[in-house]
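Using the working numbering, the first residue of the sequence shown is number 40, and each one after it goes up by one.
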Amino acid sequence: MKSSCERCGQVLRSDDARACSYECTFCSACADAMNGRCPNCGGALLSEFDAVEVRVVDG
């Protein structure tokens, strides 16, 4: 993730950043204003924690 929002230039904290799969990076306010979609590729803008996949193994 980049260190500042690509739309407004705000310096980002890791808990306020959202990025698409190409790592276009935006602050939460800008991501919400863009309905959670990257204006560059149309992909979903996710927080670092949203993008983590958890796998449960039964055993």
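Beta carbons are placed, not taken as given, at the ideal position from N, Cα and C, and that holds for glycine.
Check, Outcome
"Minimum C-alpha distance to E45 - residue among D55, D54, C69, S60", "C69"
"Short Cβ contact (8 angstroms threshold) for C63 with D55", "no"
"Range of the contiguous beta strand (DSSP E) that encloses C66", "64-66"
"Rounded C-alpha distance that separates A90 from A58", "At A90, the pLDDT of 48 sits below 50, so the modelled position is not reliable and the matter cannot be decided from this model."
"CA-to-CA distance, L51 to S43, given in whole angstroms", "5 angstroms"
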